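Enquirer: Please see the structure below; I have some questions.
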Amino acid sequence: MAPGAERVAAAPVRGSHLPDRVCVWTPTHRGWHQGARRRRGTMSDADITSILFGASPDPDDVRRWADEGFVFSAAVPWGLRQRQGGPCAVLAPVQAFLIAELLAVSSVFDATPEQCQEALVGALALILWHARPSTTSPAFLGVTAHASLDTLRDTIRRSNLQQPGAIVEFVKSLLRTRTIDGVKTDLNYDTEPLVSRFGHGSQELVNLCLFGRAVSHLFDGRRQLAPDVEVCGVPSRCRIGLLSQMEVLQYTKVGNFLRCPLLPIWIVASATHYTVLFSTDPTVAHLSDADVAEHVAHAEFAAFDTTDSNFIAGDDLGPLLHRLHRDDLARDLDRVRGLVDPDGLGIVLWSSLWGVLQATLVGDDASEPWQCAACTFVNANEPDQCEICMTPRPPRAAAAGAADGNGAQQGSGSARAPDQFVLFHYNGMENHSGATATCCQVGVTVMDAEGIPQGQSAERGLREVIQTRWPDAIVDFEQGVEPRIT
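The UniProt record's numbering applies: residue 1 is where the sequence shown begins, and numbers increase by one.
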């Protein structure tokens, strides 16, 4: 995405670029229906269309999207099919939320058509609901505002989601919900349309579906590029995650908030396609409280570490501790500085800082050994103060492992994820080079640090993508055939 490229101020899309008949959502009709191209003179619709497709889109690129609806595959009854290149940027996130809905009430593989349809309704409603700019803002379906999730579900439930154009109108509803100002704030600068050449959906569009923000980045939290310049990434641990082939190729790095989601469901991003990876075992997504605390703390650390070097300037230590709500440590900054930078080099390594932060986190069991942050002595007998230097044992740091308002950062106590588990990879592409929708089983064995690493394939495909989440994993595919992610 090139900085400076025009987005919102672009001219409205001319009608000649749009298909003769597309689906329009109106509150007075039963869901999607065939109608006019768009209501002329509605500036908001023109702005939204420009944000989505640009000022002068190629008609074929628009048609790739306008021809698609939310249709279940005959080959995989719970899976949404894709027949045109591009809409996977929306279909894959919707499929991921749909799977989450099914796992909450039934088995994915035994779900009835009625359960699948209801899961689709729930998935679309949640994606729209999460895109609201505030908790008091409505969610839009077409031009109709909905103040409650229940009424939003009811309206979607009464709609024909299979009609061509349903995906385009859903995205327009998503943008209306987020608001033009909200989208502009997310993007941080003028950029390309959300749908680029050949109908390819952007990362911003995928992020808008996944966690309700049309940001360009995959890192955790915020990054300070200059004293007055801050860019936003993923705000908190997500319900649905994302793993990327681009990380395997070292073009990008996915943050922990997407790499380790609340549910064991991930979007798999390749250079040209989006698919879905998931487990039916919820414990696969388990993180300990300590892991969650580390991820949250590292996100704040990374706000100052703009080059991903795993160190920050010593002068940033005080502001960082305040961002972590560690006022107990900030009040004794000189002592902490001596612990994390004993040689006086003027830098703070992440590993050194996390050692201090971890040592001052008190678990639920006060009888467990704890390490003193002042002298590093491990106290096994004295629960309240250090046996050597008499430093009081600090309270548990509220921010380092705290939940956000929705509990999104909470861990699973001391519970561990299994070392062996099964994943399923779903690719909904059909009618493309003779392809049909497929769901393939993937076996994963997570090795310890002394395990024998598995060799990488020449294509840098699904195996290597999975290993960005579990670096020491051995990955086995059903019948030895690796599913395609492109």
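Even glycine gets a Cβ: it sits at the ideal position worked out from N, Cα and C.
It should be emphasised that the depicted structure is a prediction, and the values quoted were computed from it without experimental measurement.
Measuring only the C-alpha atoms, how far is Arg237 from Asn256?
Expert: Taking the straight line from one Cα to the other gives about 8 Å.
Enquirer: Which residues mark the beginning and the end of the alpha helix (DSSP H) in which Arg222 is found?
Expert: Here Arg222 belongs to no alpha helix (DSSP H); instead the beta strand (DSSP E) covers Arg222 to Ala226.
Enquirer: Using DSSP with H/G/I as helix, E/B as strand and the rest coil, what is residue 488?
Expert: The structure shown has nothing for residue 488, since the chain only spans 1 to 486.
Enquirer: What is the residue span of the alpha helix (DSSP H) that His217 lies within?
Expert: From DSSP, His217 is part of no alpha helix (DSSP H); its letter is neither H nor E.
Enquirer: Closest by CA to Ala271, which one among Val296, Asp60, Val465 and Met447?
Expert: Here the closest residue by C-alpha is Val465.
Enquirer: Strictly by DSSP, which residues pair up with Asn427?
Expert: For Asn427, which the question treats as bridged, DSSP gives the partners Thr438.
Enquirer: Could you give the first and the last residue of the continuous beta strand (DSSP E) run that contains Phe140?
Expert: Ala139 to Leu141 is the span of the beta strand (DSSP E), which, as asked, contains Phe140.
Enquirer: Thinking Arg416 and His286 are a contact (beta carbons under 8 Å), I'd like their distance in whole angstroms, please.
Expert: Yes, Arg416 and His286 are in contact; Cβ-Cβ is about 7 Å, under 8 Å.
Enquirer: Just the Cα atoms here: how many angstroms apart are Trp266 and Asn427?
Expert: Each residue's alpha carbon lies about 12 Å from the other.
Enquirer: With a 10 Å radius around its C-beta and 16 neighbouring C-beta atoms as the bar for buried, classify Leu333 as buried or exposed.
Expert: Per the 10 Å Cβ criterion, exposed.
Enquirer: Grouping DSSP H, G and I as helix and E and B as strand, with all else coil, what is Ile240?
Expert: It is coil, neither helix nor strand.
Enquirer: If you draw a straight line from the alpha carbon of Trp129 to that of Leu208, how long is it in whole angstroms?
Expert: Each residue's alpha carbon lies about 11 Å from the other.
Enquirer: Quick check: what's the CA-CA separation for Val121 versus Gln358?
Expert: The straight-line gap from Cα to Cα measures roughly 43 Å.
Enquirer: Compute the distance between the beta-carbons of Thr280 and Val422, then report whether it is under 9 Å.
Expert: For Thr280 and Val422, yes; Cβs fall inside 9 Å.
Enquirer: Tell me the rounded alpha-carbon separation between Pro264 and Ile485.
Expert: In a straight line, the C-alpha of Pro264 is about 18 Å away from that of Ile485.
Enquirer: For Asp47, count neighbouring C-beta atoms within 10 Å of its own C-beta (all shown protein chains included) and say buried if the count is 16 or more, exposed if not.
Expert: Flag for Asp47 reads buried.
Enquirer: Taking the runs of the alpha helix (DSSP H) that are 4 residues or longer, which of them lie wholly in the region 303 to 350?
Expert: With a minimum length of 4 residues, the continuous alpha helix (DSSP H) runs that stay inside the region 303 to 350 are 317 to 323, 327 to 330 and 333 to 340.
Enquirer: Which same chain residues, not among the five before or five after Val183, have their C-beta less than 7 Å away from its C-beta?
Expert: If we look at Val183 and ignore the five residues flanking it on each side, its Cβ neighbours are Ile51, Leu175 and Ala214.
Enquirer: Going by DSSP, which residues form a beta bridge with Gly201?
Expert: Paired residues: Val195.
Enquirer: If Ala125 sits next to Leu103, beta carbons under 8 Å apart, how far is it from one beta carbon to the other, in whole angstroms?
Expert: With 8 Å as the limit, Ala125 and Leu103 do not qualify as a contact, their Cβ atoms being about 17 Å apart.
Enquirer: What are the residues that DSSP puts in a beta bridge with Tyr274?
Expert: For Tyr274, which the question treats as bridged, DSSP gives the partners Ala269.
Enquirer: Evaluate contact between the region 223 to 233 and the region 107 to 123, counting only Cβ atoms and requiring at least three cross-stretch pairs below 8 Å.
Expert: Segments in contact, no.
Enquirer: What are the start and end residues of each continuous alpha helix (DSSP H) run of 4 or more residues lying completely inside the region 105 to 167, in chain order?
Expert: For the region 105 to 167, whole alpha helix (DSSP H) runs of length 4 or above, ordered along the chain, are 113 to 130 and 149 to 157.
Enquirer: For Glu230, which of helix, strand or coil comes out of DSSP?
Expert: Of the three classes helix, strand and coil, the one that applies to Glu230 here is strand, per DSSP.
Enquirer: Would you mind sorting Pro261 into buried or exposed? The rule is 16 or more other CB atoms within 10 Å of its CB.
Expert: Buried, since its Cβ has 16 or more Cβ neighbours within 10 Å.
Enquirer: Classify Phe97 as helix, strand or coil using the three-state DSSP reduction.
Expert: DSSP places Phe97 in helix when its eight states are reduced to three.
Enquirer: Quick one: what's Leu262 bridged to in DSSP?
Expert: Per DSSP, none; premise fails for Leu262.
Enquirer: Can you tell me which of Gly241, Asp220 and Gly346 puts its alpha carbon nearest to the alpha carbon of Glu300?
Expert: Ranking Gly241, Asp220 and Gly346 by Cα distance to Glu300 puts Asp220 first.
Enquirer: Skipping 5 residues on each side, what residues in its chain have a beta carbon closer than 7 Å to that of Gly461?
Expert: Contacts found: Glu482 and Ile485.
Enquirer: Counting only the same chain and skipping the five closest in sequence on each side, list residues whose C-beta sits under 6 Å from that of Phe211.
Expert: Same-chain partners within the cutoff: Cys238.
Enquirer: When you compare each of Arg335, Thr49 and Ala74 to Ala66 by their alpha carbons, which one comes out closest?
Expert: When each option's Cα is compared against that of Ala66, the closest is Thr49.
Enquirer: Suppose you measure from the CA of Val276 to the CA of Thr438; what does that come to, to the nearest Å?
Expert: Whole-angstrom Cα-Cα distance: 11 Å.
Enquirer: Mapping DSSP to helix, strand and coil, what is Val422?
Expert: Val422 falls in the strand class under three-state DSSP.
Enquirer: Tell me whether Ala147 is buried or exposed, calling it buried when 16 or more other Cβ atoms sit within 10 Å of its Cβ.
Expert: Exposed.
Enquirer: Are the region 58 to 77 and the region 158 to 165 touching by the rule of at least three beta carbon pairs closer than 8 Å?
Expert: Yes, since at least three Cβ pairs between the region 58 to 77 and the region 158 to 165 fall closer than 8 Å, the two stretches touch.
Enquirer: For Trp350, which option in Val268, Val296 and Thr135 has the closest C-alpha, if you only look at C-alpha atoms?
Expert: It is Val296.
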